[in-house]
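Protein chains in written order, with this note's numbering: chain A, 4 to 252; chain B, 4 to 252.
2 protein chains.
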Amino acid sequence: MHSLQFTAESSSNGVVERDFTVGEVPGVLWSPASGADRAPLVLMGHGGGTHKKWPAMTGRADRLVTGCGFHVAVIDAPGHGDRPRTAHDEQEIAALYRARAAGEPEGPVVVRYNTHLAERAVPEWQATLDALQELPGIGADGPVGYFGLNMGTAIGVPLTAVEPRITAAVFGLHWPDALAETAKQITIPIEFMLQWDDEHIPRESGLALFDAFASKEKTLHANAGLHKELPRFEADSAVRFFARHLGRA
Amino acid sequence: MHSLQFTAESSSNGVVERDFTVGEVPGVLWSPASGADRAPLVLMGHGGGTHKKWPAMTGRADRLVTGCGFHVAVIDAPGHGDRPRTAHDEQEIAALYRARAAGEPEGPVVVRYNTHLAERAVPEWQATLDALQELPGIGADGPVGYFGLNMGTAIGVPLTAVEPRITAAVFGLHWPDALAETAKQITIPIEFMLQWDDEHIPRESGLALFDAFASKEKTLHANAGLHKELPRFEADSAVRFFARHLGRA
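In C-alpha cells form, the structure reads like this:
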C-alpha cells in the first residue's frame, strides 16, 4: 500500500489546496481552512481530455468545501493531466479525433476508451481512498461520496459498484453500453444528470443508464440543451445532494 | 371585473394569511409579515380532490414566503374546497371512483375531467390575478410564477399558455393527452416533476409532456417512486427555481 505524500500546499478564501501523490498517481485535496474536525469526503472524477484542476473541478470543490465543510479529492485519470500517455492512449485519442473530423459518432470510441481507462482507474481510486482515510481530518469511518460526469461516470460507476465506502453519488452524461449492467448492482442514493438535446448521447441511452441503477433513492435531472450546456445550477444541486446524504448542511 | 374582498386575516411565524374572494371564487393569499415593499407573486394550483389550504399548499407557501419574501395565492378549483359541485362534477367523481373500484386505469377519467375543470378555472385565475395585482404589495408589473402538479398542471398549462404575466412555472405529474399541444406554445422557463415508477401515468407519457414544452430553459426532475411519493426536497427545489427566475433570493 502506498501512503499519501503531500507535494505542495496553498490556501485562499477559506480553502486549503494540497497537491499529493499516491504512488504514481497525482491528486489534489481541497479542505476547509478552518477545520480540524473530521469531515465527509467527496471524490470527484474529471471528464475526458481534462484534468484534476479543470475549472469544473475547482468550481465544484469550492462549493463543497466552503458550502458544506467537506474535503474534496480529485486524481488525474490515466493518460490525463500530469500523467504520461501510453501508446494505447495515443491510439484511442487519435481514433477519437478521426471520428470527429469525419463527422462520425464519437460514442463508440469514447465508450471503448473509457471502459479501458476505468479498468486502470478503479484500483488507483481505491488506493487513493485508503491513503486519504489515513489522514486525521478524514478518518476511516467518515462518509464518502463520489461526483463525476462524462468520463467521471465511466470510472465512477464501476468504482462505486465495488467500493462500499461510497454511500452517495452523482453521475451523468454517459452512454449505458458498458455501464448499465454494473449500475444494476448499485443501490446507494444517486443523482443523475442528462442533457435532453445531447448531440452525442441519444436521449433513450441516457434514460436507460439512469433506469439501470437499483437505487431506491435516485433522481434524474434532465435539462434542455446540448452535451456541454449542463446548467451551472446543477453544481449547486449536487452540493445539496451531498449535504443531504453525507450529513452536513 | 370583480375586485378582491378580504374575508379573514391571521398571522403566524412571519407569514400573514388572508382569505379572500374574487366574485364567487374563494382564495387565500400568504404574504411576508414584514414586507411593505412590492414582492413577486406565485400562483399555486392544488391537486384533484384537495383544496387551497391542503398541507402541500401551506408547506410550499411557507417556504416561498419565508424563504424568498414572495406572495403566494391559491384559489379553490371548481367543485373543490369551499365551492359547490355541479351535477357534472358529481358524475365525473363517481366515474373516477368506479374506475378505481374496478381496478381500471384512472387516467382517461382524470384527463377528461381535468380538461373540463381547466376550462372553468383559467378565466377564474385570470380574474384573480387581475384583482391581486390591484393590491399595493403586488402591483401590476411585478414578476408572477405558477406552481401546480397533478390537476394543478392540467389547469396551469392552459393558463400559462394564454397568460403572458406568468414568466416561470413548475409543472408535473400529469398525462400529456390534453396538454401537449398547449405546452408547445409555452416558452418560459419550466421545472417539471415526474415520478419514475408512477403507477398511473406511464413513464413515456410523462416524458412526452416534458418534451412538448417549447421552453429553451426547462429541467426535468424524475424521482424513483410511485405517483404520490414525490420527495419533499422537490418543494425546496421549486422554491430555488422561483428565486432564480422571479428575482429574489
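Each residue gets a CB set at the ideal place from its N, CA and C atoms; glycine is no exception. Only a predicted model underlies this, so the values are computations on that prediction, with no experimental measurement involved.
Exercise. Since Ile78(A) contacts Thr131(A) with CB under 8 Å, what's their CB separation in whole angstroms?
Worked result: Position 75 of the first sequence, counting from 1, holds the residue named residue 78(A). Position 128 of the first sequence, counting from 1, holds the residue named residue 131(A). 5 Å between Cβ atoms; contact.
For this session: Use the C-beta contact count for Ala252(B): other C-beta atoms within 10 angstroms, 16 or more gives buried, fewer gives exposed.
Result: The residue labelled residue 252(B) in the question sits at position 249 within the second sequence. Per-residue confidence for Ala252(B) stands at a pLDDT of 44, beneath the threshold of 50, marking its modelled position as unreliable; no derived number is given.
For this session: Would you decide whether Ser37(B) is buried or exposed? Buried here means 16 or more other CB atoms lie within 10 Å of its CB.
Result: For the purposes of this step, residue 37(B) is identified with residue 34 of the second sequence, where counting begins at 1. By the neighbour-count rule (16 or more Cβ atoms within 10 Å), Ser37(B) is not buried but exposed.
Exercise. Under a CB-based cut-off of 7 Å, is Ala227(B) close to chain A?
Worked result: Working through the second sequence from its first residue, we reach residue 227(B) at position 224. By this cut-off, Ala227(B) is an interface position.
For this session: For the beta strand (DSSP E) containing Pro35(A), list its first residue and its last residue.
Result: As a first step, residue 35(A) is located in the first sequence; it is residue number 32 there, counting from the start. Residues 28-35.
For this session: Report yes or no: is there a C-beta of chain B within less than 7 Å of the C-beta of Lys221(A)?
Result: Stepping through the first sequence from its first residue, residue 221(A) is reached at position 218. Yes, because at least one Cβ of chain B sits closer than 7 Å to the Cβ of Lys221(A).
For this session: Measure the alpha-carbon distance for Pro126(B) versus Val25(B) and round it to whole angstroms.
Result: For the purposes of this step, residue 126(B) is identified with residue 123 of the second sequence, where counting begins at 1. For the purposes of this step, residue 25(B) is identified with residue 22 of the second sequence, where counting begins at 1. Distance between the alpha carbons of Pro126(B) and Val25(B): 12 Å.
Exercise. Which residue's Cα is closest to the Cα of Thr89(A): His74(A), Ala11(A), His119(A)?
Worked result: As a position in the first sequence, residue 89(A) is number 86, starting the count at 1. Of the listed residues, the one whose Cα sits closest to Thr89(A) is His119(A).
Exercise. Do Gly175(B) and Leu197(B) come within 7 Å of each other at the CB atom, strictly closer than that value?
Worked result: As a position in the second sequence, residue 197(B) is number 194, starting the count at 1. As a position in the second sequence, residue 175(B) is number 172, starting the count at 1. Contact: yes.
Exercise. Using the beta-carbon count (16 or more within 10 Å), is Asp201(A) buried or exposed?
Worked result: Looking up residue 201(A) in the first sequence gives position 198. Counting Cβ neighbours within 10 Å, Asp201(A) comes out buried, since at least 16 surround it.
Exercise. Can you tell which of Glu122(B), His248(B), Gly110(B) has the C-alpha that lies nearest to the C-alpha of Asn153(B)?
Worked result: Here residue 153(B) is taken as the residue at index 150 of the second sequence, counted from 1. The shortest Cα separation from Asn153(B) among Glu122(B), His248(B), Gly110(B) belongs to Gly110(B).
For this session: Look at Gly72(A) and Pro35(A) and say whether their C-beta atoms are less than 7 Å apart.
Result: Mapped onto the first sequence, residue 72(A) falls at position 69. Mapped onto the first sequence, residue 35(A) falls at position 32. Yes, the Cβ-Cβ distance between Gly72(A) and Pro35(A) is below 7 Å.
For this session: State the beta-bridge partners of Lys187(A) as determined by DSSP.
Result: The residue given as residue 187(A) occupies position 184 in the first sequence. Lys187(A) pairs with nothing; no bridge assigned.
Exercise. Among Gly52(B), His74(B), Val113(B), which one has its Cα closest to the Cα of Pro87(B)?
Worked result: Sequence index remark: in the second sequence, residue 87(B) carries index 84 (1-based). Of Gly52(B), His74(B), Val113(B), the residue nearest in Cα terms is Gly52(B).
Problem set entry | Proximity of Gly159(B) and Gly151(B) at Cβ, strictly below 7 Å | Residue 159(B) sits at position 156 when you count from the first residue of the second sequence. Residue 151(B) sits at position 148 when you count from the first residue of the second sequence. Their beta carbons are under 7 Å apart, which means Gly159(B) touches Gly151(B) by this criterion.
Exercise. Touch check for the stretch 90-104 of chain B and the stretch 133-149 of chain B: three-plus C-beta pairs under 8 Å?
Worked result: no
Exercise. Does the Cβ-Cβ distance between Pro179(A) and Ser208(A) come in under 7 Å?
Worked result: Position 176 of the first sequence holds residue 179(A). Position 205 of the first sequence holds residue 208(A). Taking 7 Å as the Cβ cut-off, Pro179(A) and Ser208(A) qualify as a contacting pair.
Problem set entry | Chain-ordered neighbours of Val49(A) on chain B, where CB pairs are closer than 8 Å | Here residue 49(A) refers to the residue found at position 46 when the first sequence is read from its first residue. Before going further, note that residue 49(A) is His rather than Val in the sequence given. Under the 8 Å cutoff, chain B gives no residues; its nearest Cβ is about 24 Å from His49(A).
Exercise. Looking at the unbroken beta strand (DSSP E) that takes in Met4(B), where does it start and where does it end?
Worked result: Counting from 1 along the second sequence, the entry for residue 4(B) is found at position 1. Met4(B) -> no beta strand (DSSP E), and no H or E assigned at all.
Problem set entry | Coarse secondary structure for Thr53(B), derived from DSSP in three states | In the second sequence, residue 53(B) corresponds to position 50, counting from 1. The answer is coil: DSSP assigns Thr53(B) none of H, G, I, E or B.
Problem set entry | Close beta carbons around Phe216(A), own chain, < 7 Å, minus the five adjacent residues each side | Stepping through the first sequence from its first residue, residue 216(A) is reached at position 213. These residues qualify, in order along the chain: Ala186, Ile189, Ile193.
Exercise. Along the chain, where does the alpha helix (DSSP H) that runs through Ile96(A) open and close?
Worked result: Counting from 1 along the first sequence, the entry for residue 96(A) is found at position 93. From DSSP, the alpha helix (DSSP H) with Ile96(A) extends over 90-104.
Exercise. Nearest CA to the CA of Glu27(A): which residue from Ala80(A), Val19(A), Thr61(A)?
Worked result: As a position in the first sequence, residue 27(A) is number 24, starting the count at 1. Checking every option, the nearest Cα to that of Glu27(A) belongs to Ala80(A).
Exercise. Which whole runs of the alpha helix (DSSP H) in the stretch 155-223 of chain B are 4 residues long or more, in chain order?
Worked result: 183-186, 206-215
For this session: May I ask you to report which of helix, strand or coil DSSP gives Arg41(A)?
Result: For the purposes of this step, residue 41(A) is identified with residue 38 of the first sequence, where counting begins at 1. Note: Arg41(A) maps to coil in three-state DSSP.
For this session: Please list, in chain order, all residues of the same chain as Leu229(A) whose beta carbon is under 8 Å from its beta carbon, the five residues on each side excluded.
Result: Taking the first sequence and counting its residues from 1, one reaches residue 229(A) at position 226. Cβ neighbours of Leu229(A) beyond the five flanking positions: Gln198, Asp200, Asp201, Glu202.
Problem set entry | Under the three-state DSSP convention, the category His230(B) falls into | Stepping through the second sequence from its first residue, residue 230(B) is reached at position 227. His230(B): coil per DSSP, three-state reduction.
For this session: Can you grab the Cα-Cα spacing for the pair Ala238(B) / Phe195(B), in whole Å?
Result: Against the second sequence, residue 238(B) aligns to sequence position 235. Against the second sequence, residue 195(B) aligns to sequence position 192. Each residue's alpha carbon lies about 12 Å from the other.
For this session: Could you work out which residue in Ser218(B), Gly50(B), Glu184(B) is closest to Lys231(B) when comparing CA atoms only?
Result: Numbered from 1 along the second sequence, position 228 holds the residue referred to as residue 231(B). Lys231(B) has its Cα closest to that of Gly50(B), out of Ser218(B), Gly50(B), Glu184(B).
For this session: Go through its chain and collect everything with a Cβ distance to Arg63(A)'s Cβ below 6 Å, but skip five positions before and after it.
Result: As a first step, residue 63(A) is located in the first sequence; it is residue number 60 there, counting from the start. So the list reads Ala238, once near-sequence residues are dropped.
Exercise. From which residue to which residue does the alpha helix (DSSP H) around His248(A) run?
Worked result: Here residue 248(A) corresponds to residue number 245 of the first sequence, with the count starting at 1. 236-249 is the span of the alpha helix (DSSP H), which, as asked, contains His248(A).
Exercise. Leu46(B) and Ala76(B) look like a contact to me (Cβ under 8 Å); what is the Cβ gap, rounded to whole Å?
Worked result: Position 43 of the second sequence, counting from 1, holds the residue named residue 46(B). Position 73 of the second sequence, counting from 1, holds the residue named residue 76(B). About 6 Å separates the two Cβ atoms, so the contact holds.
Exercise. How would you write the range of the alpha helix (DSSP H) that Ala59(A) sits in, first residue to last?
Worked result: Your numbering for residue 59(A) matches position 56 in the first sequence. Unbroken alpha helix (DSSP H) run through Ala59(A): 58-71.
Problem set entry | Beta-carbon proximity list for Val114(A), same chain, < 6 Å, skipping 5 on both sides | Taking the first residue of the first sequence as 1, we reach residue 114(A) at position 111. Trp178, Asp180, Ala181.
For this session: Per DSSP, which residues does Thr24(B) bridge with? Please list them.
Result: Against the second sequence, residue 24(B) aligns to sequence position 21. Bridge partners of Thr24(B): Gln8(B), Pro29(B).
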